[in-house]
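Participant:
Numbering (this note's numbering), first residue to last: 140 to 1038.
Next comes the structure, spelled out in C-alpha cells:
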C-alpha cells in the first residue's frame, strides 16, 4: 500500500477527488428537500438568517454609496432592528465579520435565500478543504484523507446545523487552521497562519471564538509535550506559552474593531441574565442517547451530535490499540472530548458559564476524523487478530442498540437503519480479513464511508426516520413572503411621520429588517437587557429574552412605543374600538386587517411629572406601572438632583381587580398556590365577576405571577387560554413560560383587549403533566376612558421638526416650563444628547427608554449615536496592525541573520 505520494500529485488528485465526491454527496444527502417540496430554511433561517443577510447586503451598499458621495459615515444604528438597535453588535451573531457574507453586497434582497443556501454549501465544502490542508502539512498523504475530509464535512453536527445555523459551521473551518498554526509555532515556523486565523475567527463570531480558544489551548499543551525534546520542559513551555499568547493577542487586537462593541453588546444583552443550575451529572436518558449516537444522527442534550459514518467508530476503537506518538495524542484529545460530553460543568464552561449546551461538539469531529485518517493504513495492513477485538466491540454496540430497537418503536425509527447498516459493514469487513482481501478492503471501506454519510443524512431528514425535514418551511416561502407581506402595505401608507406598527400573528418576525419599516415584532439572539426588564416588570406575555411578537393589545404600550397602526388577522373577531379601520389586504401569512390608532403618541414626548424609581414605584403592580408611564417619566439609576417633593403617584386609568374562583376536575387538582395535572393537555377553569360602575368595555388582563412548571429539565411550556365573556364571545391566546430553573419568564399577563368585563370565564389548558406553582393568579379590568380624554388635551406643538438621518436625530422644542422629554427608543450609552449644541446628560427612563431634561422656551435638540467601544476597538486594531507589521520586519531581519 502506497501511503505517501508526491506533493504535486497530492495537490492534483486529493482536492479534485474531494471536490468531485463532495458534489456527489450534496444532492444525495439533501434530495428529500426537493422530493417533499421543502426549502432549506427552518424557522430561524426564515426569520433571522435570510432577513439579516438581506439587511447586511443593503447596509454594505449604503456604506459604499456614502463613500461614492463623499460621506464617510457608517450607519451603526437602525430603527428597523427591533425597537432600535446597534447594527454591529446585532449583526455579528449572524453575518457581520464573516468574510463569506461580504458577497451579499452584490445580491439584492430577492436573492438572499439563494445566497444563504450557496454559502451554507460553500462552508461545508471549506470544512473539508481546511481538513485536507491540515493533513497535507502533517504528511497524511493517502486517499483516506479525502474520505476523512468527507466524514468531517458531513458529520452529524454539520448536517444538523449546516442549514439551520450555517454560521455554526465557520469554527469547523477555522479549528484545523488554528491547530496547524500552533504546530508551526511549536516547530519554530511562521506564526502568521495562526495570527490571521485568530483574527478572522475572532471577527467572525466572538461566541465560537471563545470555544475555539479553549480547545486550541488544550491542543497546544498536548502537542507541546510531544513535540518538545528539551531537557528543561517547564522553561521551554513558559517561553512558548508567552510567545504564542503574544501572537494570539495580535490576532485579537486586529479584530478589536468588531470584538469590543460585541463584548459590550453581549454584557448588556438579555441572555446574560439567565439563572443557571449546573448538575453534577446528566440524567440517564442523556447518557443513553450519547451511547446510541456515534453512528446515528439523533442529538443528545442541547446540540450534542456525533453521527459519523459507520466505519469511523471501528477506526476509533482500533486507534486505542495503537501505541505510536500520534495515536497517543489523538487518544488524549478524544478522552478530553468525551469528558466534556460527560460532565455538565464542562459544557457550562464552553458556553461562557451560561446555560448547559454542547454547541462545542463540532470540535470533537476533528480528532475523530484525523484518527480515521491516521490509522487507516495501519488498519488495512493489520492482521485478523489485531482487528478482532475492535470489530467485536463495535458489533456488540450495534447489537445492543438493535435489540433496544426491537423493543422501542421510537428508538427503532431513529436508530435501526443506521446500526443495521453498521452491522452489515462490520460483518463484511471481518469476512474480508478472514479471506485476506486486504487490497479490496480499502475501496470497500471508502465505499461504506461514502454510503454511511448518505444513510445518516437521509435518516435525519426522512419522515420515516427523525423527520427533521418537518421543521423546514415549504419551498418558496421566502420569496412568497417577500412579495406579499404587511411591510409592503405599511410602506404604501401616505404617512411621512415616524411611527411603528404592531401586528399579531406576524408570519416572520424580522420583515422590518428587510423593508426598512418600524415594527414591534423582532427575533434575534442579542437583544437589549432593559427591554427584557420592561417585558418582565410589565409581564408582557408575547415576549422572551430574544423576541417580541406584538404588544398584546395593550393600548398603553402602543402609546409608549409610538405605535400608529395595528394589524390583526382577518379571522380575528376582535375589533379595537379606540382605532379606525383602514383596509384589508393579503399576505403570504394570511389575510390581514389594518387599523389606525385614534390617539397615537409621537416619537418624542415631554413630561411635566417626573419620578425617580424607588420602593414605592417597585411595589406597583404591572398595570399600575404601565399606566404611570403614560403620564410620568420614571427615571432609573439616578437620584433626584433637588429636594423638591416628587409628585404623587397618579393614574389616568381606573384599575378594577375582579373576584376570581378556580374550578378543577378529575384531571386537575388545585390547592393553595399549586396546580397538579394528572395528564397532558388538561384544562381548568377561572371564573371572575365583580361590580362595575359602567357598561363600557375595558381592557381585560389575566395575571400569572411567578407561575412555574416545577421540573428538573429546562423544558418550557405554553399555556393555552380561552376567554368566554358573559355574552358568549370568545377569544383565544397562548404564550410561552419557563420552568422553575430559569430566572425569568415566570410572570405573564396576557391582555385580551377591550372586552365586556362584568363577568366571564377563562379556560386554561396546561400541556405538560406535573406540578405548577404560582404566587398569584388575578383578573384585572382597566378602564381607559379617562386616559383617552386626557390624551386629547396634549399640546402637539411642543415638539416639532423631528428629523432622522444616519446616526442622528434632530428636533425642536417649545416648552412653557422645564420638562423631561422621553424618546421612544431603548436606552443606550451610545446616544449622546445635545441641546443648542451643548452636550447634556441622558437618562434611562420608564425602565427601557432614553430621555433628558429640556428647559422652557425654544431649543434645538440633537441626538448622535456612536457604537459603544467602536472607537476603542478601531484604535486597538490599529495597534494590532502596527504590531503585525513590526513582527514581519523582525522575523524577516532574523531570517537574514540566520542566512
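Where is the CB? At the ideal position from N, CA and C, for every residue including glycine. Bear in mind that the values here come from a model prediction, so they are computed numbers and not experimental data.
Could you tell me the alpha carbon to alpha carbon distance between residue 654 and residue 350, rounded to whole angstroms?
Facilitator: If you take the alpha carbons of residue 654 and residue 350, they lie about 35 Å apart.
Participant: What are the partner residues of residue 725, as DSSP defines its beta bridges?
Facilitator: According to DSSP, which records beta bridges pairwise, residue 725 is partnered with 730.
Participant: Give me the Cβ distance between residue 616 and residue 185, rounded to the nearest whole Å; I'm assuming they're in contact under 8 Å.
Facilitator: Their Cβ separation, rounded to whole angstroms, is 6 Å, which keeps residue 616 and residue 185 in contact under 8 Å.
Participant: Go to residue 828, then tell me how far its beta strand (DSSP E) extends in each direction, as first and last residue.
Facilitator: Here the beta strand (DSSP E) through residue 828 covers 821-828.
Participant: Assuming the contact rule is C-beta atoms closer than 8 Å, residue 319 and residue 354 should be a hit. Round their C-beta distance to whole Å, please.
Facilitator: Rounded, the Cβ-Cβ distance is 14 Å, inconsistent with contact.
Participant: Using the C-alpha atoms, what's the distance from residue 742 back to residue 706?
Facilitator: Those two C-alpha atoms are separated by around 20 Å.
Participant: Among the candidates 1037, 235, 231 and 296, whose CA atom is the shortest distance from the CA of residue 433?
Facilitator: Ranking 1037, 235, 231 and 296 by Cα distance to residue 433 puts 296 first.
Participant: Relative to the C-alpha of residue 560, which residue among 578, 589, 912 and 161 is closest?
Facilitator: Comparing Cα-Cα distances from residue 560 to each of 578, 589, 912 and 161, the minimum goes to 589.
Participant: Once DSSP output is grouped into helix, strand and coil, what is the label at residue 947?
Facilitator: Correct three-state label for residue 947: strand.
Participant: With H, G and I counted as helix, E and B as strand and the rest as coil, what does DSSP make of residue 217?
Facilitator: Strand, per DSSP.
Participant: Just to confirm, are residue 731 and residue 958 a CB contact at a threshold of 7 Å?
Facilitator: For residue 731 and residue 958, no; Cβs fall outside 7 Å.
Participant: Can you give me the start and stop residues for the alpha helix (DSSP H) that residue 303 sits inside?
Facilitator: Run containing residue 303: none; DSSP gives neither H nor E here.
Participant: Alpha helix (DSSP H) containing residue 206: first to last residue?
Facilitator: 189-207 is the extent of the alpha helix (DSSP H) around residue 206.
Participant: Return the chain-ordered list of same chain residues with a C-beta closer than 7 Å to the C-beta of residue 506, the five sequence neighbours on each side being excluded.
Facilitator: Answer for residue 506: 469, 472, 473 and 476, listed in chain order.
Participant: How is residue 969 classed by DSSP in three states: helix, strand or coil?
Facilitator: Coil.
Participant: Does the contact criterion of 3 or more C-beta pairs under 8 Å hold for the segment 617-626 versus the segment 179-196?
Facilitator: Because the criterion of three Cβ pairs below 8 Å is met, the segment 617-626 and the segment 179-196 touch.
Participant: If you follow the beta strand (DSSP E) that residue 765 is in, where does it begin and where does it stop?
Facilitator: From DSSP, residue 765 is part of no beta strand (DSSP E) but of the alpha helix (DSSP H) over 761-770.
Participant: Just curious, the alpha helix (DSSP H) that residue 662 is in, first and last residue?
Facilitator: Taken as a continuous stretch (DSSP letters only), residue 662 belongs to no alpha helix (DSSP H), being part of the beta strand (DSSP E) at 660-662.
Participant: Assuming contact is defined by CB atoms lying nearer than 7 Å, are residue 325 and residue 275 in contact in what I supplied?
Facilitator: Cβ distance not < 7 Å, so residue 325 and residue 275 don't count as in contact.
Participant: Kindly provide the ranges of any beta strand (DSSP E) runs that are 3 or more residues long and lie completely inside the segment 620-703, ordered along the chain.
Facilitator: Whole beta strand (DSSP E) segments, 3+ residues: 639-642, 660-662 and 686-688.
Participant: For residue 156 and residue 821, what's the separation of their Cα atoms in angstroms?
Facilitator: If I take the Cα positions, the gap works out to 58 Å.
Participant: List the whole-angstrom C-beta distance separating residue 806 from residue 816, where the pair is believed to meet the contact cut-off of C-beta under 8 Å.
Facilitator: Yes, they are in contact, since the Cβ atoms of residue 806 and residue 816 sit about 6 Å apart, within 8 Å.
Participant: Would you kindly work out how many angstroms separate the C-alpha atoms of residue 1027 and residue 442, rounded to a whole number?
Facilitator: Distance between the alpha carbons of residue 1027 and residue 442 is about 41 Å.
Participant: Which residue wins for smallest C-alpha separation from residue 1010, given the options 582, 825, 735 and 400?
Facilitator: It is 400 whose Cα lies nearest to the Cα of residue 1010.
Participant: Between the C-alpha atoms of residue 300 and residue 972, what's the straight-line distance to the nearest angstrom?
Facilitator: The straight-line gap from Cα to Cα measures roughly 43 Å.
Participant: Which of the three DSSP states, helix, strand or coil, is assigned to residue 712?
Facilitator: Reduced to three states, the DSSP call for residue 712 is coil.
Participant: Excluding the 5 residues flanking residue 835 on each side, which residues of the same chain have their C-beta closer than 8 Å to its C-beta?
Facilitator: Answer for residue 835: 922 and 924, listed in chain order.
Participant: Compute the Euclidean distance between the alpha carbons of residue 1021 and residue 389, then round it to the nearest angstrom.
Facilitator: Roughly 9 Å separates the two Cα atoms.
Participant: State yes or no: is the beta carbon of residue 906 nearer than 7 Å to at least one beta carbon in chain D?
Facilitator: Among the protein chains of the structure shown there is no chain D, as only one such chain exists.
Participant: I need the DSSP call for residue 926, collapsed to helix, strand or coil.
Facilitator: Three-state DSSP puts residue 926 in a helix.
Participant: Can you name the residues that DSSP bridges to residue 802?
Facilitator: Residue 802 pairs with 824.
Participant: Report yes or no: do three or more beta-carbon pairs, one from the segment 214-223 and one from the segment 171-178, lie closer than 8 Å?
Facilitator: The segment 214-223, when compared against the segment 171-178, does not touch it at the 8 Å Cβ threshold.
Participant: Using alpha carbons as the reference points, say which of 516, 952 and 704 lies closest to residue 286.
Facilitator: Nearest option by C-alpha distance: 516.
Participant: Strictly by DSSP, which residues pair up with residue 794?
Facilitator: Looking at the DSSP assignment, residue 794 forms a beta bridge with 921.
Participant: Taking the alpha-carbon positions, what's the residue 534 to residue 544 distance?
Facilitator: Each residue's Cα considered, the two are about 15 Å apart.
Participant: Give the secondary structure of residue 871 by DSSP, where H, G and I count as helix, E and B as strand, and everything else as coil.
Facilitator: Residue 871 falls in the strand class under three-state DSSP.
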